[in-house]
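Report on one structure; see the data block that follows.
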Amino acid sequence: MKWVKNFKGRINDYNDIAISIAYDGWFCKGVLQYIRSGEQFTLDGILDNDKLILKEIDEGDNIAGYIKGILEKNSFEGSWSNFDNSIGAPIYFDLSKNQKLVPSFCGDDKWLRRYTAAFGKQAIELSIQKLQEKRVSGTFFFKQENKTYQAAGIWSKQDGLVLQLRDDYGKNIGKFIAPKASDKLLKGSIVYSSKEFINCKFKLTGKLSTGCLEHSDYLSTYDFIFPKTANATFNNWIENLITEKAKNFSKIGSQVSAQKASFTPEDRYHIRSNGWFEIGFFNDDILSGILLLESTLESPAALSVNFDLKDNRPIHFEDIFREEYDHEYFSENVIRWEFTKHEFYSKDASFREWIKVIDFPNMILLRNGIHFSTDFNPIYGRQGITIPYDKLKGFIKKDSWVSFVVDQL
635 MKWVKNFKGR INDYNDIAIS IAYDGWFCKG VLQYIRSGEQ FTLDGILDND
685 KLILKEIDEG DNIAGYIKGI LEKNSFEGSW SNFDNSIGAP IYFDLSKNQK
735 LVPSFCGDDK WLRRYTAAFG KQAIELSIQK LQEKRVSGTF FFKQENKTYQ
785 AAGIWSKQDG LVLQLRDDYG KNIGKFIAPK ASDKLLKGSI VYSSKEFINC
835 KFKLTGKLST GCLEHSDYLS TYDFIFPKTA NATFNNWIEN LITEKAKNFS
885 KIGSQVSAQK ASFTPEDRYH IRSNGWFEIG FFNDDILSGI LLLESTLESP
935 AALSVNFDLK DNRPIHFEDI FREEYDHEYF SENVIRWEFT KHEFYSKDAS
985 FREWIKVIDF PNMILLRNGI HFSTDFNPIY GRQGITIPYD KLKGFIKKDS
1035 WVSFVVDQL
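Following my numbering, the numbering of the sequence shown begins with 635 at its first residue and continues without gaps.
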């Protein structure tokens, strides 16, 4: 043997793994273990210079998956795939000199933050969250325009922060590029075209941590991330929602396991579930966004999260709108009309027909208005529209907490 080394890392940036590899100058043999579940696989492959290729072999001596990537300076980064490459996930691991099979917290490198830039009459607020690896998403609120744009992109040490801005009608309006991006400061430009851009410097004005639940074994894998605040009532409320989902998926996986004496490679990761939070807006008083759930067991689902952090309770449609304006009436007379401005509406007859009959059950609060969205559609995804607060005055209860004056940034 040239060396025997222990490594620790993650598959899919959530599921903790421990790996031991022995190397003789060409061939590698070892063991991979999911730390939380204890599930183990034998590893067999080659290391050619820095290119590592390993077969993942199960207890029945079947090839259940493959690990391929670059092992350089005792750090590996690459991909895991199942036996026929129909399922894949990123994988990384680093040298672990004192190997301890203790799972880490899967939300330790994920967060939600609020940044603010102010110059002249303009003020811009960026609410952003780190989801998985380099992936980030959030919203830009422009105070002078009184508009909120969706944003999605990547954040890395090499490239800094790059976000694509998109409006409610499906149009890309520009990019935010911040080559110098740190936890406390984002210095970059909002670029609309080669000749039109805004240079701005964002300072950190608020932050939240992230809760996380994960599990992985031969048959199933799930991961759920969600925001955590200084408010214990909210934390218990949202964690209970997620925990119930996780229990349900675990129960189904256990039932399937009990029915089979052994698994085959076709069963590998047969049950996959994940959930993540898309932030809309948060401050000391309110947290608003949408919890998205996907699974091979059921159709994608969305759950609106609007929570009053002062009164310690969820905010519902009936808490805001007058009784005579129920959700169906509001959808018919306000939301559907706004969708006539969507770029698909004039071009796609099927989209027009879908908008005429689809419901808008999801509601989140933004700086400039209330965002209503559909559930997931396999063709059009999840579509939403923001109704500005000044258009909602006639629908809102007099004693509603909703203010039509945007908070000072």
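No residue lacks a Cβ here, since even glycine has one placed at the ideal position from N, Cα and C.
Closest residue to Leu681 among Leu705, Asp982, Leu847 and Gly664 (Cα-Cα distance):
Residue numbering aside, residue 681 sits at position 47 when the sequence shown is read from its first letter. The candidate whose alpha carbon is nearest that of Leu681 is Leu705.
Would you mind stating whether Gly703 and Glu711 have Cβ atoms separated by less than 7 Å?
Locating residue 703 in the sequence shown gives position 69, counting from the first residue. Locating residue 711 in the sequence shown gives position 77, counting from the first residue. Result yes, Cβ atoms of Gly703 and Glu711 sit closer than 7 Å.
I'd like to know if the segment 856–863 and the segment 833–846 are in contact, where contact means that at least 3 CB-CB pairs between them fall below 8 Å.
yes
Rounding to the nearest angstrom, what Cα-Cα distance links Met635 and Gln733 in this structure?
Reading the sequence shown from its first residue, position 1 is the one you call residue 635. Reading the sequence shown from its first residue, position 99 is the one you call residue 733. Taking the straight line from one Cα to the other gives about 20 Å.
Helix, strand or coil: how does DSSP classify Leu875 here?
Here residue 875 corresponds to residue number 241 of the sequence shown, with the count starting at 1. Looking at Leu875 - three-state DSSP - the assignment turns out to be helix.
Where does the unbroken alpha helix (DSSP H) through Val991 begin, and where does it stop?
Locating residue 991 in the sequence shown gives position 357, where the first residue counts as 1. It spans Ala983 to Val991 - the alpha helix (DSSP H) in which Val991 sits, taken as one unbroken run.
Could you compute how far the alpha carbon of Ser1007 sits from the alpha carbon of Asn806?
The residue you call residue 1007 lines up with position 373 of the sequence shown. The residue you call residue 806 lines up with position 172 of the sequence shown. Near 18 Å, if we compare the C-alpha coordinates of Asn806 and Ser1007.
Arg644, DSSP secondary structure in three states:
Within the sequence shown, the letter at position 10 stands for residue 644. If DSSP states are grouped into helix, strand and coil, Arg644 belongs with the strands.
Separation of Ser929 from Glu878, as counted between CA atoms
As a working mapping, residue 878 is identified with position 244 in the sequence shown. As a working mapping, residue 929 is identified with position 295 in the sequence shown. Cα to Cα, the separation comes out at about 14 Å.
Assuming Leu931 and Trp910 are in contact, meaning their beta carbons sit under 8 Å apart, how far apart are those beta carbons, in whole angstroms?
The residue you call residue 931 lines up with position 297 of the sequence shown. The residue you call residue 910 lines up with position 276 of the sequence shown. Actually they do not touch by this definition, with Cβ atoms about 17 Å apart.
Ile989 versus Ile998, Leu799, Ser771 and Ile1013, residue with shortest Cα-Cα distance
Within the sequence shown, residue 989 is the residue found at index 355, counting from 1. Checked all of Ile998, Leu799, Ser771 and Ile1013; the closest Cα to Ile989 is Ile1013.
I'd like to know whether the C-beta atoms of Tyr826 and Gly804 end up nearer to each other than 7 Å.
As a first step, residue 826 is located in the sequence shown; it is residue number 192 there, counting from the start. As a first step, residue 804 is located in the sequence shown; it is residue number 170 there, counting from the start. Taking 7 Å as the Cβ cut-off, Tyr826 and Gly804 do not qualify as a contacting pair.
Within 10 Å of its beta-carbon, does Tyr749 have 16 or more other beta-carbons around it, so buried, or fewer, so exposed?
The sequence position of residue 749 within the sequence shown is 115, counting from 1. Looking at its Cβ environment, which holds 16 or more other Cβ atoms inside 10 Å, Tyr749 is buried.
Range of the contiguous alpha helix (DSSP H) that encloses Tyr963:
As a working mapping, residue 963 is identified with position 329 in the sequence shown. First-last of the alpha helix (DSSP H) with Tyr963: His961 to Phe964.
Hey, how far is the Cα of Lys841 from the Cα of Glu693?
To locate residue 841, count along the sequence shown from 1; it is residue 207. To locate residue 693, count along the sequence shown from 1; it is residue 59. Between Lys841 and Glu693, the C-alpha separation is close to 45 Å.
Is the separation between the beta-carbon of Ile725 and that of Trp714 shorter than 7 Å?
As a position in the sequence shown, residue 725 is number 91, starting the count at 1. As a position in the sequence shown, residue 714 is number 80, starting the count at 1. Their beta carbons are under 7 Å apart, which means Ile725 touches Trp714 by this criterion.
Please list the terminal residues of the continuous beta strand (DSSP E) segment that includes Ile824.
Numbered from 1 along the sequence shown, position 190 holds the residue referred to as residue 824. First-last of the beta strand (DSSP E) with Ile824: Leu819 to Val825.
Cα-Cα, which of Asn967, Lys814 and Phe836 is closest to Phe994?
Taking the first residue of the sequence shown as position 1, residue 994 is located at position 360. Cα-wise, what sits closest to Phe994 is Asn967.
Can you tell me whether DSSP reads Phe1038 as helix, strand or coil?
One-based indexing of the sequence shown puts residue 1038 at position 404. Note that Phe1038 scores 47 on pLDDT, short of 50, meaning its location in the model is unreliable; the coordinates nonetheless yield the value given after this. Three-state DSSP puts Phe1038 in coil, outside helix and strand.
With a threshold of 8 Å on Cβ separation, who are the neighbours of Val1039 within its own chain once the five nearest residues in sequence on each side are excluded?
For this step, residue 1039 is matched to residue 405 along the sequence shown. Any answer about Val1039 is weak, because its pLDDT of 43 lies below 50 and its placement is not dependable; what the coordinates show is given next. Correct list: empty, nothing qualifies.
Using alpha carbons as the reference points, say which of Thr839, Gly1018, Ser730 and Lys639 lies closest to Glu977.
For the purposes of this step, residue 977 is identified with residue 343 of the sequence shown, where counting begins at 1. For Glu977, the nearest C-alpha among the options comes from Gly1018.
Mapping DSSP to helix, strand and coil, what is Glu972?
The residue labelled residue 972 in the question sits at position 338 within the sequence shown. In the structure shown, Glu972 sits in a helix (DSSP, three-state: H, G or I).
With a CB to CB cut of under 6 Å and the five nearest residues on each side skipped, what residues in its chain are close to Arg906?
In the sequence shown, the residue the question calls residue 906 occupies position 272. Around Arg906: Thr855 and Thr930.
Secondary structure of Leu1043, DSSP reduced to three states:
Translated into positions along the sequence shown, residue 1043 becomes position 409. Caution applies to Leu1043, whose pLDDT of 48 falls short of 50 and renders its modelled position unreliable; the value that the coordinates give is listed next. Correct three-state label for Leu1043: coil.
Thr773 Cβ short of 6 Å to the ligand MN heavy atom set
No copy of the ligand MN occurs in the structure displayed, which carries no ligand at all.
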